[in-house]
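Undergrad: With the first letter of the sequence shown counted as 1, position 48 gets the number 193 in the working numbering; the numbers rise by one all the way through.
Every residue gets a Cβ at the ideal spot worked out from N, C-alpha and C, and that includes glycine.
Computed from a predicted structure; not experimentally measured.
There's a structure below that I have some questions on.
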Amino acid sequence: MGSSRGNRNVRARRAVKAMKLLGISREQTAPVLKRLVELYDDNWQLIEAESYRALADAIFDEQV
146 MGSSRGNRNV RARRAVKAMK LLGISREQTA PVLKRLVELY DDNWQLIEAE
196 SYRALADAIF DEQV
C-alpha cells in the first residue's frame, strides 16, 4: 500500500505543478483533483492525458 500511495502523491504533485503553470493555485486544484481521482477510480492516465486537460477543464468548469 505504501508504494501505491507514494505514487499517487507524486502524481498529485505533478498535477498541481502543471496547473500552477496555467495560473491555477493548489487550493483550486486539490479538491477537483481528488474528485477526478475518485470519479476515474484511480485511473491516472485519464487525468494525465493531454497535459492534464481533464483536470484543467474540470477546474475551469467549476469557475463558471
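What are the start and end residues of each continuous beta strand (DSSP E) run of 3 or more residues lying completely inside the stretch 151–183, in chain order?
TA: Those beta strand (DSSP E) runs which fall completely within the stretch 151–183 and span 3+ residues do not exist here.
Undergrad: Tell whether a beta-carbon distance below 9 angstroms holds between I192 and M164.
TA: In the sequence shown, the residue the question calls residue 192 occupies position 47. In the sequence shown, the residue the question calls residue 164 occupies position 19. Going by C-beta atoms, I192 is not nearer than 9 angstroms to M164.
Undergrad: Out of L167, R150 and N154, which one is the CA nearest neighbour of Y197?
TA: For the purposes of this step, residue 197 is taken as the residue at position 52 of the sequence shown. Checking every option, the nearest Cα to that of Y197 belongs to L167.
Undergrad: What is the residue span of the alpha helix (DSSP H) that D206 lies within?
TA: As a position in the sequence shown, residue 206 is number 61, starting the count at 1. W189 to Q208 is the extent of the alpha helix (DSSP H) around D206.
Undergrad: Just the Cα atoms here: how many angstroms apart are W189 and Q208?
TA: By 1-based counting over the sequence shown, the position of residue 189 is 44. By 1-based counting over the sequence shown, the position of residue 208 is 63. So the alpha carbons of these two residues sit roughly 23 angstroms apart.
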